[in-house]
Amino acid sequence: MATHLDTALDPLVQAAAAAAPAKPEKHTVMMPIGVPGYTLRTEAREVPVSEPPVLAVNSELEFIGKPTERWDAHYKVSGQAKYTADIQLPGMLYGRFLNASVPHAKVLSVDVSAAEKYPGVKSVLVIERVLGNAELRDPKLETPSRYPIVRYAGQPIAAVAATSAHIADEAVKLIMVTYEEMPFVTDQLSARKTDSPQVYPGAADQAGSAGGGGGPHGVPQTGNVHGPSINKKGGDIEQGFKDADVIVEGRYVTQVQTHSALETHGVVADWKPGMLTVWASTQGTGSVREEFAQYFKLPKTQVRVITEYMGGGFGAKFGAGNPGVVAAQLSQKAGAPVRLMLDRKEEHLSVGNRPDADQIIRIGAKKDGTLTAIQLESFGTAGCGTGAGCAGPATNMYKYAALHTAENDVFTNGGPAAAFRAPGHPQGAFALEQAIDELAIKLAIEPLDLRDRIDENSVRRVERQVVRESALWKSRNPVAGADSGPVKRGVGMAQSVWYRFISMNSSAEVLVHRDGSLEVRSAVQDLGTGIKTVLAQILAEEYGVPPAKIAVRIGDTNYPVGPDSGGSVTTASLTPAVRDAAWQAKKKFLAEIAPAYGTTADDLQIVKGEVRSKSGKMQPVSFQRAAGKMKVDSVSAQARRIPDYDRSKYETYGGVSVVEVNVDTETGRILIPRVLAVHDCGRPMNPTQVISQINGGTIQGISYTLYEQRHLDPNTGLMVNPNLEQYKIAGSRDIPELQVHLVESYIGQSSTDASGIGEAAGIVAVGAAIGNAFFNATGYRMRRMPMVPSEVLAALGKVPQGGLKA
Amino acid sequence: MADSGQFTGDGESSATTSVSEGTAKSNISRRGFLRGAGITAASTALIDGVQLLHREAAAETIKGNAHVRELGPGPVPVTLNVNGTEHVVQIEPRTTLADALRTHLGMTGTKVVCDHGACSGCTVTLDKVPVNSCMTLAIEVGSRRIGTIEGIAQNGQLHPLQVAFVKHDAMQCGFCTPGMVMSCSALLERNPKPTLADVKKAVSGNLCRCATYPKVFAATLEAAGVAPEKSIS
Ligand code: FES
Ligand code: FES
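Those protein sequences? They're chains V and D, same order as listed.
Count the first sequence with numbering that gives the first Met the number 0 and you get residues 0 to 805, in order.
Count the second sequence with numbering that gives the first Met the number 0 and you get residues 0 to 232, in order.
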């Protein structure tokens, strides 16, 4: 399985390989492997001798793996948590962008004189380099200009910083921009036509981010079509289809979704001589520091990034971005700190989205279900960026004899996409998993049974067994469209797939203080996933001290470097470093206190919060009392991530989503009464938080499938719903009864053997599961998202097809 | 107001209403406000009813029988009773209650998410009725008691609802959490034994992108001592 990972995130893997240190001395240990209750066993692993002892399975531990209160919950429920939007510094100014009002234009002039004179305005900036858009391979194709070409309505052009938000709002309105408008195109199908207006006059590529995203570089480009990016695996695809007894084929169309995190992108930048301090709403303090240092040619020692709390990112918040570099420049010019938070409209327009997709998938199979061929051709628009590929699920979910995928990015005059929770996978799984369902029906094989034959992943096999035994699955009528009334009930399932990515930029320091207090430090940020709690649990397990008593200091580049949180890397990457540091600090601590008890460090251990002598040289004393014997104020140890123990044993992660729908065939409304989500993420460190994330991913998946859509007006190029009233996301009344079943699985890869859950959690599979449930309810296939009533009625043949027209 | 407080709609997740439309206590004449806005641009508010105003800041005009006073556009002193404490802030009449709390009083627990009345992230209470503080001008609050997230815990002790939120992990990033707590605490004030449907209705305007809703429901029902029920059996 490790042989074909989604290429979008490959740089992380490469970085991991490149950063591997020289070979350390190793010994063989036995580690738990598999799923307790199903496949648990032990396997040998060669691990460095410096590693802590093998961590037992969760049932044998005191703190790790136990439902644990979120470490910072108290601050969040009481309003004390300070987010970037809440930072107020003395003399702080308020920044505001002026954004392009047209979707495609040359900027001829920008007159800021009135804005500069406006009382209360302290600095004004005309943007000369805009970040995030794709860039021409040959910049000479465009006449050089001081002003970047406008590629989408909402692209930032200038900015002001003023003493109040009101003044900043008024001042940007005084900036006069003259445009030479150019023809534009906002929808993917039109943009693919040979006579379409061109977003770029030649081939262009977009850089990726730490969260993935960005498309392949160097692929062919014809007009707006950047691609294809071709991937072939196994044997000859034509032969594969010749060998098939059955072929299914379908076209699947999905829409653009915006991230819509509740806290918008933004920073507070405080530029002082010798030190730029930035509070950022980011998924990567390290990525922000990196981009600031590069952009302004500053040594990293002169950039500090702080993210104590952040209000959601979902893949779109990496690097300094336009808000970051502009706020820093405004701050430098004004000599005062500047807060620049985007407003809701800007958040929809300019800082990322999930690309749409128009896919044709074709699958060939033998009578017994064996897949002989999978062929996928996809087109998607990432606006004026790239990264709309969606072949991950088709490539990585099942075994097949031959695979051929061709992914195309289509440039349009829309804001650039960004990585969004499992980039490409919800789109790809929407097609793949409905096609597999169709295949199961054609072959008259039960959908779970078919997957048992073609899915080699050992954990998903267990997950399907859990589904098979569930009341929800048992309540499914295998006959599609069996209900006679207008409201038809159906149950469907689909699978998700995600990968094990490790960031070697993962290190931490653990300190033991003489008063018995414990502290862990890392630059890592907590997006709401709960990494703070997990770090506290790791120290708790080593020292027998409750997690709430551990001081967790994160979200600051002054601490040891932490991973950027994208691609579900954080828990998998950072927790082993933290456990290693906790273990090493413990050894130092025991050596520090041993003389006071007339013994040696080797004779001492910490058990259930007590320091005990193995030989009985001393009576057990509490950890805290023992700490009082330290001769120095504190001891500490820093550790960094070491490579996984045995990458040849990798499997993918994933889960199985089961959805019940009630389809009102008269009104076209889909209601979702119940969902069962069965998921794995290696060792669940804190089941409470894992379940929160699975709830979140599942509901986001429902929201994406049924409601969300960015609408760009083809006549003006403007987004018509850049708000939260007309851009509809799931609310309380849309929430099903949601049952999560966590499958604990051990893979023997690190000192914690933990993995992430963010991507695999629901959003990948839910759309297809709804589609399959829809078919089970009605006997019709729903191949389009969002499944709004007009599309539902169209799928049922009751009204003509709306939306994208071929 | 309906029993849902700010949510007067019955079916869809309704956007919330601003105070001036939703309650009888508003001190602004809506007509006068609009007329004033038309004459003197958006930065001026026309107010009738004077008890909330400091005389020195007001220029008086007489229109028919009504006693009408014009404020702004510059800052005027306004007294706000927040969590039982009176604060005088110098604010422009156009300042929203959310902005007055966050920027002028430094009480940043109240979050601004959409600034349009669409997400309830900025929910506070006025005399225990939840409102969107982004859709409420600070000067129209008058003598009503403002309740914010900072006032829910008492003497450093979390309110039982907050305790239940912590226990059930009814948050992820936490950005929607203050608004959720405010909506749910207002619900429990007016309906100590809500059903699941009541809770869903009470937070029907509160958006949570991390989609922590199931745990918000569970926490609120537990705080009310109501056994959890299935949404659909
Ligand atoms: S309703 Fe006030 S910020 Fe959204
Ligand atoms: S917890 Fe993140 S928005 Fe609700």
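Glycine included, every Cβ here is placed at the ideal spot set by N, Cα and C.
All values reported here derive from a predicted model rather than from experimental measurement.
Query raised in the report: Who does R143/D pair with in a DSSP beta bridge?
Result: Bridge partners of R143/D: none, in fact.
Requested in this report: Note down, in chain order, each residue of its chain lying with its Cβ closer than 7 Å to the Cβ of R475/V, except the 5 sequence neighbours on either side.
Outcome: V490 and N775
Query raised in the report: So, is the C-beta of K139/V closer than 7 Å to a C-beta in chain D?
Result: no
Query raised in the report: Counting contacts by CB-CB distance shorter than 7 Å, is K127/D in contact with chain V?
Result: no
Requested in this report: Rank A547/V, A764/V and I756/V by C-alpha distance to the C-alpha of T570/V and give the top, closest one.
Outcome: I756/V
Query raised in the report: Does DSSP classify V798/V as helix, strand or coil?
Result: coil
**Report entry** Same chain, Cβ closer than 7 Å to I728/V, neighbours up to 5 away in sequence not counted
**Finding:** S259, S702, Y706 and E707
Report task. Closer than 9 Å, Cβ to Cβ, to anything on chain V: give me those residues from the stretch 111–124 of chain D, in chain order. Result -> V111, V112, C113, D114, H115, G116, A117, C118 and G120
Query raised in the report: So, does the CB of G527/V fall closer than 7 Å to a CB anywhere in chain D?
Result: yes
Report task. May I have the straight-line CA-CA distance separating G320/V from A479/V, to the nearest angstrom? Result -> 49 Å
Report task. Check the Cβ of Q256/V against every Cβ in chain D and list those closer than 9 Å, keeping chain order. Result -> Residues of chain D passing the Cβ test: none, with the nearest at roughly 12 Å.
Query raised in the report: In whole angstroms, what is the alpha-carbon distance linking E85/D and C183/D?
Result: 25 Å
Query - Beta-carbon gap between S132/D and V123/D smaller than 7 Å - result: yes
Report task. Go ahead and pull the three-state DSSP assignment for V791/V. Result -> helix
Query raised in the report: Would you say G173/D faces chain V, with C-beta separation under 7 Å as the test?
Result: yes
Query raised in the report: Any Cβ of chain V within less than 7 Å of the Cβ of S184/D?
Result: no
Query raised in the report: Going by the CB atoms, is the gap between L97/V and V171/V shorter than 7 Å?
Result: yes
Query raised in the report: Is G527/V near ligand 2, going by C-beta to nearest heavy atom under 6 Å?
Result: yes
Query raised in the report: Any C-beta of chain V sitting closer than 7 Å to the C-beta of G71/D?
Result: no
Query - Same chain only: Cβ atoms within 7 Å of T651/V, ignoring 5 sequence neighbours per side - result: M0, N395, N456, V496, W497 and Y498
Requested in this report: Measure the C-alpha to C-alpha separation of G527/V and P177/D and round it to an integer number of angstroms.
Outcome: 15 Å
Query - Nearest-angstrom Cα separation, counted from Q220/V out to V198/V - result: 12 Å
Requested in this report: Mind checking who I530/V pairs with in its DSSP beta bridge?
Outcome: Bridge partners of I530/V: none, in fact.
Requested in this report: Would you list, in chain order, the members of the stretch 229–248 of chain V that have their beta-carbon closer than 7 Å to a beta-carbon of chain D?
Outcome: none
Query raised in the report: Taking Cβ-Cβ distances shorter than 8 Å, what residues in chain V pair up with T211/D?
Result: S691, N694 and G695
Query - Sequence-distant residues of its chain with Cβ nearer than 6 Å to A23/D (five each side left out) - result: Bear in mind that a pLDDT of 35 at A23/D, under 50, signals an unreliable position, so the model cannot answer this.
Query raised in the report: Which of helix, strand or coil does DSSP assign to R128/V?
Result: coil
Requested in this report: Could you work out which residues of chain V lie near L206/D, taking near to mean beta carbons separated by less than 8 Å?
Outcome: L261, L723, I728 and G730
Query - T574/V versus K616/V: straight-line alpha-carbon distance, rounded - result: 34 Å
Query raised in the report: Any heavy atom of ligand 2 closer than 6 Å to the CB of M170/D?
Result: yes
Query - Neighbouring residues, chain V, relative to G83/D (Cβ below 7 Å) - result: Those do not exist, as G83/D stays about 16 Å from chain V at its closest Cβ, beyond 7 Å.
Query raised in the report: Does DSSP put D806/V in a helix, in a strand, or in coil?
Result: What is shown of chain V runs 0 to 805, which leaves residue 806/V out entirely.
Report task. Please name the residue or residues paired with M309/V in a DSSP beta bridge. Result -> DSSP output for M309/V lists no bridge partner at all.
Requested in this report: From the DSSP output, in three-state form, read off W582/V for me.
Outcome: helix
**Report entry** Spatial neighbours of V689/V in its chain, beta-carbon cut-off 7 Å, leaving aside the 5 residues before and after
**Finding:** C680, P683, L741 and I756
**Report entry** Any non-hydrogen atom of ligand 1 within 6 Å of G146/D CB
**Finding:** no
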